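The opening position of the sequence shown corresponds to residue 1 in the numbering used here, with each subsequent residue numbered one higher. For reference, the structure discussed in these notes is given below.
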Amino acid sequence: MQFHIMLAGGCLILMITALQYYILQHFRKRIRIHGKELKKSTLWILSAVLTAGMLLCLAAGGALPHIPWLQSLMGLLGAVLMGTMSTCLLLFPIVDIITMILRLPVFQKAAAVWKKICMGGLTVAIAAVMVTAYGIWNSARITLTEYTVPINGLTGEPMQLVLLSDMHEGSALRTDHLQQVVEKTNALSPDCIILCGDLFDENTADTERDQAYKTLAKLEASMGVFFVFGNHERNLKQDGSMRAALEAVGITVIEDDITTLDDRLQIIGRKDITEQRIPLAELTAKTDPELPILLLDHQPKDTQKAAELGIDLQVSGHTHGGQVFPGGWISDLVNEATYGLRTHGDYHLIVSSGCSIWGVPFRTAKTTEIVSITLHGN
């Protein structure tokens, strides 16, 4: 298994290096040393250096938890590298295809105009800088997304839930950002708050976790705050300290268990799909058939099974809405949904793009969000 992981990692590094080379060779005529174009071997070395730098920046979140300023600097550098690379990889293939077409004799005049527009890759470079600046700015802002969902069998007044997921406190989310999330959430005066996993990363420092617990203790909801673990918290939950810390600040942790909210709504909280967990059918068999069911599951998986078993609403996170375009397309290949509200009969699924980002502070797909869900009887 370890060999296969190393092999896959090596292949990934080679692929990223090759893509970096593909990008750099478009600037080859503009990057000169003593008036001479760079040799191909030099481009390969530069590509390897850029790849190493990007991977180092991605790893900085876990490797530098005790040096916040350096962690933030590495994150910013990673965002710049990721932003420019992803934009260039989207635009240069388009440029290359158009250039090939314009080589036909019939397009001779158009080819001359196109060459001026491209400016030896400078136009793409300017676009990459603009997209990178937007991605860094977009990763820091918090938006409010609102849904209204009809629920069969829900009695009484409408119920307002707030869904918060994928905060990644420490490696991505700073304490001041978490404080903003808490303040904006409390301003909504929700009945119930759901923390849908990946509150922390694997290497979030103890001090940052302790500070996060103090901040989360300020969450206010008349019917309670509930939490399910995500895939990044598998190691943190093993000794039970994370669960104990959350419950000490008034947050109810649900792992393959059921609780009832105000005698009107049943909540099933799931272990993450990466763990051994009780089949959903066994859990739904223990529910009251007269009351609707809300399912909390970090990853949007087994949605068809949830619909078949009579789940009324499932809320999930994990995908970050793709985070970096076209990440959403890739996410759709491995997840049953990437973002938003989906409905199939009486079953509803809401997937959040998360309260933060993962890896580096860069987001071009969707926004960082707080999700407000209003449930009413159907």
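Even for Gly, the Cβ is constructed at its ideal location relative to N, Cα and C. Since the model is a prediction, treat every value here as computed from it, not as a measurement.
Classify residue 302: buried if its beta carbon has 16 or more other beta carbons within 10 angstroms, exposed otherwise. Along the sequence shown, one-based indexing puts residue 302 at 302. Buried, because 16 or more other Cβ atoms sit within 10 Å of the Cβ of residue 302.
Since residue 79 and residue 361 are thought to touch, with beta carbons under 8 Å apart, how far apart are those beta carbons, to the nearest angstrom? Stepping through the sequence shown from its first residue, residue 79 is reached at position 79. Stepping through the sequence shown from its first residue, residue 361 is reached at position 361. The pair is a contact, with the Cβ atoms about 5 Å apart (cut-off 8 Å).
For the beta strand (DSSP E) that residue 159 lies in, which residues bound it at each end? Taking the sequence shown and counting its residues from 1, one reaches residue 159 at position 159. Here the beta strand (DSSP E) through residue 159 covers 159-164.
To the nearest angstrom, how far is the alpha carbon of residue 341 from that of residue 374? As a working mapping, residue 341 is identified with position 341 in the sequence shown. As a working mapping, residue 374 is identified with position 374 in the sequence shown. Roughly 13 Å between the two C-alpha positions.
Distance between residue 290 and residue 363 (C-alpha atoms, nearest Å): Position 363 of the sequence shown, counted from the start, is the residue given in the question as residue 363. Position 290 of the sequence shown, counted from the start, is the residue given in the question as residue 290. Each residue's alpha carbon lies about 42 Å from the other.
Taking DSSP as the reference, what is the three-state secondary structure of residue 314? Residue mapping note: residue 314 aligns to position 314 of the sequence shown, counting from 1. In the structure shown, residue 314 sits in a strand (DSSP, three-state: E or B).
May I have the straight-line CA-CA distance separating residue 149 from residue 261, to the nearest angstrom? Translated into the one-based positions of the sequence shown, residue 149 becomes position 149. Translated into the one-based positions of the sequence shown, residue 261 becomes position 261. Spanning the two alpha carbons is a distance of roughly 17 Å.
Which value, in whole angstroms, describes the spacing of the CA atoms of residue 9 and residue 195? Working through the sequence shown from its first residue, we reach residue 9 at position 9. Working through the sequence shown from its first residue, we reach residue 195 at position 195. Between residue 9 and residue 195, the C-alpha separation is close to 32 Å.
Identity of the residue in 272, 19, 250, 248 nearest residue 257 by Cα: Residue numbering aside, residue 257 sits at position 257 when the sequence shown is read from its first letter. Out of 272, 19, 250, 248, 272 has the C-alpha closest to the C-alpha of residue 257.
Quick check on DSSP: helix, strand or coil for residue 327? Here residue 327 is taken as the residue at index 327 of the sequence shown, counted from 1. Looking at residue 327 - three-state DSSP - the assignment turns out to be helix.
Give the DSSP bridge partners of residue 147, in chain order. Counting from 1 along the sequence shown, the entry for residue 147 is found at position 147. Paired residue(s): 373.
Tell whether a beta-carbon distance below 7 Å holds between residue 250 and residue 204. Mapped onto the sequence shown, residue 250 falls at position 250. Mapped onto the sequence shown, residue 204 falls at position 204. Judged by their CB atoms, residue 250 and residue 204 are not nearer to each other than the 7 Å cut-off.
How is the beta strand (DSSP E) around residue 342 delimited, first residue to last? By one-based count along the sequence shown, residue 342 stands at place 342. Counting along the chain, the beta strand (DSSP E) containing residue 342 begins and ends at 340-344.
Proximity below 7 Å, CB of residue 51 to CB of residue 87: As a first step, residue 51 is located in the sequence shown; it is residue number 51 there, counting from the start. As a first step, residue 87 is located in the sequence shown; it is residue number 87 there, counting from the start. Not closer than 7 Å, so no.
Residue 118: first and last residue of the uninterrupted beta strand (DSSP E) it sits in: Reading the sequence shown from its first residue, position 118 is the one you call residue 118. Per DSSP, residue 118 belongs to no beta strand (DSSP E); it is in the alpha helix (DSSP H), 108-118.
The alpha helix (DSSP H) with residue 124 in it runs from where to where? For the purposes of this step, residue 124 is identified with residue 124 of the sequence shown, where counting begins at 1. Here the alpha helix (DSSP H) through residue 124 covers 122-140.
N- and C-terminal bounds of the alpha helix (DSSP H) containing residue 210: In the sequence shown, counting from the first residue as 1, residue 210 sits at position 210. Start and end: 206-216.
Within this structure, are the beta carbons of residue 319 and residue 338 separated by less than 7 Å? As a working note, residue 319 is residue 319 in the sequence shown. As a working note, residue 338 is residue 338 in the sequence shown. Cβ atoms of residue 319 and residue 338: closer than 7 Å.
Given residue 135, which residues of its chain have a CB within under 7 Å of its CB, disregarding the five upstream and five downstream residues? Position 135 of the sequence shown, counted from the first residue, corresponds to residue 135. So the list reads 79, 83, 362, 363, 364, once near-sequence residues are dropped.
For residue 141, which residues of its own chain have a beta-carbon under 7 Å away from its beta-carbon, when the five flanking residues on both sides are left out? As a position in the sequence shown, residue 141 is number 141, starting the count at 1. 367, 368, listed in sequence order.
Starting from residue 252, follow the beta strand (DSSP E) in both directions and report where the run begins and ends. The sequence position of residue 252 within the sequence shown is 252, counting from 1. Counted as a single uninterrupted DSSP element, the beta strand (DSSP E) harbouring residue 252 occupies residues 251-253.
In three-state DSSP terms, what is residue 240? Position 240 of the sequence shown, counted from the first residue, corresponds to residue 240. In the structure shown, residue 240 sits in coil (DSSP, three-state: anything other than H, G, I, E or B).
Does the region 156-169 come close enough to the region 180-198 to have 3 or more Cβ pairs within less than 8 Å? Counting C-beta pairs with one atom in each stretch, the region 156-169 and the region 180-198 have three or more that are closer than 8 Å, which means they touch.
Rounded straight-line distance, which links the Cα of residue 309 to that of residue 300: As a first step, residue 300 must be located in the sequence shown, where it is residue number 300. As a first step, residue 309 must be located in the sequence shown, where it is residue number 309. Distance between the alpha carbons of residue 300 and residue 309: 16 Å.
Give the C-beta separation of residue 28 and residue 38 to the nearest angstrom, bearing in mind that I take them to be a contact with Cβ-Cβ under 8 Å. The residue labelled residue 28 in the question sits at position 28 within the sequence shown. The residue labelled residue 38 in the question sits at position 38 within the sequence shown. Yes, residue 28 and residue 38 are in contact; Cβ-Cβ is about 6 Å, under 8 Å.
Just verifying my parser: in three-state terms, what is the DSSP assignment at residue 182? Reading the sequence shown from its first residue, position 182 is the one you call residue 182. Residue 182: helix per DSSP, three-state reduction.
Please identify the residue among 57, 11, 89 whose C-alpha is closest to the C-alpha of residue 21. Here the question's residue 21 lines up with position 21 in the sequence shown. Ranking 57, 11, 89 by Cα distance to residue 21 puts 89 first.
Going by C-alpha to C-alpha distance, which of 313, 334, 109 sits closest to residue 321? Translated into the one-based positions of the sequence shown, residue 321 becomes position 321. That would be 334, whose Cα lies nearest to the Cα of residue 321.
Secondary structure at residue 169, three-state DSSP: helix, strand or coil? Here the question's residue 169 lines up with position 169 in the sequence shown. Taken through DSSP and simplified to helix, strand or coil, residue 169 comes out as strand.
Within the same chain, show all residues whose beta-carbon is closer than 8 Å to that of residue 45, passing over the 5 residues directly before and after it, in chain order. Within the sequence shown, numbered from 1, the residue matching residue 45 stands at position 45. Excluding residues within five positions, none has a Cβ falling inside 8 Å.
Write down the C-beta distance between residue 228 and residue 296 rounded to the nearest angstrom, noting that I regard them as a contact closer than 8 Å. Counting from one through the sequence shown, the residue named residue 228 turns up at place 228. Counting from one through the sequence shown, the residue named residue 296 turns up at place 296. Indeed, because the Cβ distance is near 5 Å, the residues count as touching under 8 Å.
Can you tell me whether DSSP reads residue 84 as helix, strand or coil? To locate residue 84, count along the sequence shown from 1; it is residue 84. Residue state, collapsed to three classes: helix.
What residue range does the beta strand (DSSP E) around residue 259 cover? Residue mapping note: residue 259 aligns to position 259 of the sequence shown, counting from 1. Looking at the DSSP string, the run of the beta strand (DSSP E) that includes residue 259 is 257-261.
Comparing C-alpha positions only, which one of 270, 183, 74 sits nearest to residue 253? Within the sequence shown, numbered from 1, the residue matching residue 253 stands at position 253. Cα-wise, what sits closest to residue 253 is 270.
Measure the alpha-carbon distance for residue 24 versus residue 132 and round it to whole angstroms. Here the question's residue 24 lines up with position 24 in the sequence shown. Here the question's residue 132 lines up with position 132 in the sequence shown. Going from the Cα of residue 24 to the Cα of residue 132 covers about 17 Å.
Could you tell me if residue 11 is buried or exposed, where buried requires 16 or more neighbouring beta carbons within 10 angstroms of its beta carbon? If you number the sequence shown from 1, residue 11 lands on position 11. Exposed, since its Cβ has fewer than 16 Cβ neighbours within 10 Å.
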